[in-house]
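Numbering (my numbering), first residue to last: 50 to 168.
As structure tokens, this is what we get:
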């Protein structure tokens, strides 16, 4: 019985820390001139800010492609730079602002070759 209580406390602590992180990111990145990722419309120009969670090299159709997951506390979006193996400053944990049009690829929201500014 003591094990169940400890497990619940651990899960509760983990969940509340994730919620606190998301709240802090929303407070930091979502402003009046920047849209939240969760509310950003597809196929229209958007301006988003967030933190890069992951950065990987994922070839697409035989062409190198640098992929990064952008997170702002409201949702995630995949950023893809086609023909790139590495971009200086694009690293996990880095804050970034991006511009472009969101599309869909294999059921996931993607921003191809976005303009960006490192924050």
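Yeah, the Cβ is synthetic: ideal placement off N, Cα and C, and Gly gets one too.
These numbers come from a predicted model, not from an experiment.
ask   = What does DSSP give as the partner residues of residue 95 in its beta bridges?
value = 149
query = So residue 129 is in the beta strand (DSSP E); what residue range does that whole segment cover?
reply = 125 to 131 is the span of the beta strand (DSSP E), which, as asked, contains residue 129.
Secondary structure of residue 89, DSSP reduced to three states = Here residue 89 sits in coil by DSSP.
message = From the DSSP secondary-structure annotation, give me the bridge partner or partners of residue 167.
response = DSSP lists 145 as partners of residue 167.
query = Taking the Cβ atom as the reference point for each residue, do residue 128 and residue 116 lie within a distance shorter than 8 Å?
reply = Here residue 128 is near residue 116, since their CB atoms are less than 8 Å apart.
query = From what residue to what residue does the beta strand (DSSP E) around residue 159 run?
reply = It spans 157 to 161 - the beta strand (DSSP E) in which residue 159 sits, taken as one unbroken run.
ask   = What did DSSP end up calling residue 72 once you bin it into helix, strand or coil?
value = helix
When 105, 112, 143, 91 are compared against residue 165, the one with the closest alpha-carbon = 143
inquiry  = Can you check which of these residues, 152, 153, 137, is closest to residue 104 by C-alpha distance?
reply    = 137
request  = Identify whether residue 102 lies in helix, strand or coil by the three-state DSSP scheme.
outcome  = strand
query = Just checking my contact of residue 91 with residue 152 at CB under 8 Å: how many whole Å lie between their CB atoms?
reply = 7 Å
query = Alpha carbon to alpha carbon, what distance is there between residue 102 and residue 50?
reply = Confidence is the limiting factor: at residue 50 the pLDDT is only 47, short of 50, which leaves the residue's position unreliable, though a coordinate-based value still follows. Cα-Cα distance, rounded: 37 Å.
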